[in-house]
Every structure is written in structure tokens, then in C-alpha cells.
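Data first, discussion second: the structure below is written as C-alpha cells.
There are 2 protein chains.
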Amino acid sequence: MATKSIEKLTDYFYRFPGIGKKSASRLAFHILEMEKNEIDEFVKAVYEVKNNTEKCTVCGNLSESSVCDICSNESRDSSVICVVEDNKDIIALEKSKSYNGKYHVLNGKIAPLSGITPDKLNIKPLLTRVAAEEIDEIILALNPDLEGETTAMYLMKLLKPFGVKISKIASGIPMGGNIEFSDIATINRALNDRQEQ
Amino acid sequence: MATKSIEKLTDYFYRFPGIGKKSASRLAFHILEMEKNEIDEFVKAVYEVKNNTEKCTVCGNLSESSVCDICSNESRDSSVICVVEDNKDIIALEKSKSYNGKYHVLNGKIAPLSGITPDKLNIKPLLTRVAAEEIDEIILALNPDLEGETTAMYLMKLLKPFGVKISKIASGIPMGGNIEFSDIATINRALNDRQEQ
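Protein sequence lines, in the order shown, are assigned to chains A and B.
Heads up, the first sequence is in full-length UniProt numbering, so the first residue is 1 and it goes up one at a time.
Heads up, the second sequence is in full-length UniProt numbering, so the first residue is 1 and it goes up one at a time.
Right, dumping it as C-alpha cells:
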């Protein structure tokens, strides 16, 4: 029986993603043990995230200004746009340090059963960009699942008339993974997309 | 590359117990997706934990008043004190619904190597209680590890002169656990503390 205020905060943490009952309780007790000024700083950081973050007006990426760091970076190749579902995908791709072009964030993927129809996604601004900017290639970096593939197909249809090169990131056995424990769909894809050496 | 404010908040969450890099990032993004009023309520709960929680002046348990709910509950047996290391142990014991006496929180266990000597623990007030109140039994509910056992032995020595009954919670193979996968120390304890049926 913790105090009411600890239980209340535990409930809040429990609503956070990936936080179970026990973790939530541990976090609430951690807050209790923090110094008052540490809590103040933490709360300040919470509000800053909410207040300072907006969406880049060009690509839809999270940004602290109207145009994000990537879109405004002139040393990046502006002839290539990598289309992703989510901001977090940009973070992962940037970490890999294997891409130096621009991005476009769809904010989801087509999933009619969940009510996400193409008009709910950030697709129109992508077409506007392709029409207005000098784009050589569009890389579709959508997750290789049913909705991701559907979205990729849909985009390919829309983009074809622009005469731009369209590519899709490779899918197959992950590096360091092994064939024995890969699922059938992955093995299937790995075989179909095999590349001549 | 998330925005600076998201990275800052991620760093804060990363300092929380049991939160890894990825969870911390997920939590920061969750804050970003929360409505402003939800954030306000969450922050309020954070401050309430800090401002409303104090230590019970009798037993050391966390409380929202100077005497905790358990100490002030007259339907509980005040002739038995269960000594625990930490407030969280009380929560666990209360959940089991198998104890109806009072508690005493030591706020740790003797661990000289970490600088926790007996004088740093909430031991003196326990002796005062045993001397002043009518206590029939002290149950030592310390964790069955080296420091817990040391602390139990130390307390037994101190409490013996009061002529009060002293007991220790049982230790052995956990319910639903199995002997095959239990560690040597646990099997040892289970055998030594076997009870005639």
C-alpha cells in the first residue's frame, strides 16, 4: 500500500509505452527519491519537448524550427528523397550513416482496417515536392509488412508519371541473423530478391 | 537525429531505473504525442508525489500524514512488529494479505562496504518502540542475502534483552519454483529449515 500520490503517479507511468506495473511503480519511487531541483529540470525538459517541437514544413520530420536540420542542410543531396513512415525511421537511418539525401515522412502507412486511408497520410506534399524540385530518385523505405508493401505499391503508382527513378530498400535475412531461425516470409523474400554477384 | 529537446528528455528518462536507451527514446516520443492537458496532469502527479509524501514518525513507512495509515489503523494488531528493509517490502507484504500487525522500516540493511553502518539505519526508534509499547513479537522480514542476514543477526542481539519473541520469515524454494533450477544457497536453506510434518 503505497501512498495515494505514489499510486496516482504509478498509474500515469503505467500508461506510457512499454512500461509494466512494476516498472511504473519503480519510476514513481524514483521520482520520490529525486531532489526537488532535479524534478524541476525533468519537468522543464518535458515541457520543452512539447513546446519546441514542430513538424518541418518541407518533409514532415520533427524539427525545432519551421524547416528541419536535414532539409536546410545544403551539403545533403537534394536530388534523392527517402520516404519513411515515421520520424523514428529517420533517426535509425541517420544512425547508419549510409544515406546523405533528403527525407519525406508519411506519418503512417495505408491501413484501411484501422481507418488510415491515403488521404490521412503526408502524400500530397511529396507529390508537390517531386513536381517542383529536381528529384532523381525516390527511395521507398517502408517497413516490409503488409501495410508497408501496400503503401509502397500505392506510392509507386502515383510517382511513376513523374518519370523519376523509384527504388525500395532491400529486405531479407538481417545481418548477423541466421537462416535457420528466420521466418518463412523473410526467407521467401531473401530468395526472390537474391542478387547476382 | 531527433530534435535537441527530445534528446534532452530522452537523457532524463535514461537516468530512470530500468530504462534503457530505446525505452527512454520511446518515452520521450510519447510525451511529444501527449496532449498539453495530459502533460499538465502528469506533471502535477510528479510534484504531488514529492510534496505530499513524508515518513511516518512511528514506523518510517511512506505516508501522506505524520502517522501512516497502518500505524493509525486500530484494527491492526499492535503487539507484533514486522521489521523490513524498505517501504516497497511493506507493499509486497500487504498485497499477500497474510499479515495484520504493524511494521518498522529500517531504510536499508547493514552493508559496511557501502558505508551503511547500523547508525545509518532506522534502528534506535525500533528499540524505543519495543521499550515503550507492549510488543509480543518482532518478525524480521529481511531479504535472505548476506547483508539481510547480517542485519537480522545484529537486530536479534539488540532485541534479546527486551525479552520479546523474535522470529524470521522462512526462506526456501519459492512456491511454484522448482528444485532442479534453484541455486545451491536456496536448496541448502530449504533443507536446513525443513519442518517436521
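C-beta atoms are modelled at their ideal positions from N, C-alpha and C, and glycine is treated no differently.
| Item | Value |
| --- | --- |
| Is it true that the stretch 120-136 of chain A meets the stretch 170-186 of chain A, where meeting means three or more beta-carbon pairs spaced less than 8 Å apart? | no |
| Cβ closer than 8 Å: which chain A residues qualify as neighbours of Ile6(B)? | Val49, Thr53 and Leu62 |
| Looking at the unbroken beta strand (DSSP E) that takes in Val105(B), where does it start and where does it end? | Gly101 to Val105 |
| Would you be able to state if there are at least three C-beta pairs under 8 Å between the stretch 28-35 of chain A and the stretch 57-76 of chain A? | no |
| Taking the DSSP output, what are the residues bridged to Ile139(A)? | Cys82(A) and Ser167(A) |
| May I have the straight-line CA-CA distance separating Ala152(A) from Gly108(A), to the nearest angstrom? | 12 Å |
| Residues bridged to Ala111(B) by DSSP? | Ile116(B) |
| DSSP three-state label for Ser63(A), please. | strand |
| Helix, strand or coil for Asp77(A)? Go by DSSP, reduced to three states. | strand |
| Looking only at C-alpha atoms, which of Phe13(A), Thr150(A), Lys102(A) and Asn52(A) sits nearest to Leu80(A)? | The residue asked about is misnamed: residue 80(A) is Val in this sequence, not Leu. Out of Phe13(A), Thr150(A), Lys102(A) and Asn52(A), Lys102(A) has the C-alpha closest to the C-alpha of Val80(A). |
| Could you tell me which residues DSSP pairs with Lys55(B) in its beta bridges? | Leu62(B) |
| Going by CA-CA distance only, name the one from Ala28(B), Gly18(B), Arg26(B) and Ser25(B) that's closest to Leu27(A). | Gly18(B) |
| When you compare only the Cα positions, how much space is there between Asp193(A) and Ala141(A)? | 16 Å |
| Grouping DSSP H, G and I as helix and E and B as strand, with all else coil, what is Leu126(B)? | helix |
| Counting pairs of beta carbons, one from the stretch 38-57 of chain B and one from the stretch 38-56 of chain A, are three or more of them closer than 8 Å? | yes |
| Below 8 Å on the Cβ atoms is my guess for Cys71(B) versus Cys59(B); work out the distance and round it to an integer in Å. | 5 Å |
| Would you say His30(B) reaches chain A, if we count a Cβ-Cβ gap shorter than 8 Å as a contact? | yes |
| Could you check the C-alpha separation between Ile123(A) and Leu93(A) for me, to the nearest Å? | 20 Å |
| Is the beta carbon of Ile166(A) closer than 8 Å to that of Leu159(A)? | yes |
| From what residue to what residue does the alpha helix (DSSP H) around Asn188(B) run? | Ile184 to Asn192 |
| In terms of residue numbering, what span does the alpha helix (DSSP H) encompassing Ser25(B) cover? | Lys21 to Glu33 |
| Could you pull out every residue in the same chain whose Cβ sits closer than 7 Å to the Cβ of Asn87(A), ignoring the five residues on either side in sequence? | Asn61, Leu62 and Val105 |
| The ligand FMN and Lys4(A): does any heavy atom of the ligand fall closer than 7 Å to the residue's C-beta? | Inclusion of the ligand FMN in the displayed structure is not the case, the ligand content being empty and no account of it being possible. |
| Can Ala24(B) and Phe13(B) be called in contact, C-beta distance under 8 Å? | yes |
| Examine chain B for any beta-carbon lying closer than 8 Å to the beta-carbon of Gly18(A), and answer yes or no. | yes |
| How big is the Cα-Cα spacing for Ile184(A) and Asp145(A)? | 13 Å |
| Starting from Lys36(B), find everything on chain A with Cβ-Cβ shorter than 8 Å and list it in chain order. | Lys50 |
| What's the C-alpha gap between Glu149(B) and Ile169(B)? | 11 Å |
| Is the beta carbon of Glu147(A) sitting closer than 8 Å to the one on Ala111(A)? | yes |
| If I follow the unbroken alpha helix (DSSP H) through Asp147(A), where does it start and stop? | Inspection of the sequence shows that residue 147(A) is occupied by Glu rather than by Asp. Leu146 to Leu159 is the extent of the alpha helix (DSSP H) around Glu147(A). |
| Quick one: is Ile179(A) buried, meaning 16 or more other Cβ sit within 10 Å of its Cβ, or exposed? | exposed |
| Closer than 8 Å, CB to CB, is Thr151(B) near chain A or not? | no |
| Please work out which residues of its chain come closer than 6 Å, Cβ to Cβ, to Phe162(A), disregarding the five sequence neighbours upstream and downstream, and give them in chain order. | Val130 |
| Hey, Glu7(B) and Lys4(A): beta-carbon distance below 8 Å or not? | no |
| What do you get for Thr53(B), buried or exposed, if any count of 16 or more other CB atoms within 10 angstroms of its CB means buried? | buried |
| Should Ser23(B) be flagged as near chain A, meaning a C-beta pair shorter than 8 Å? | yes |
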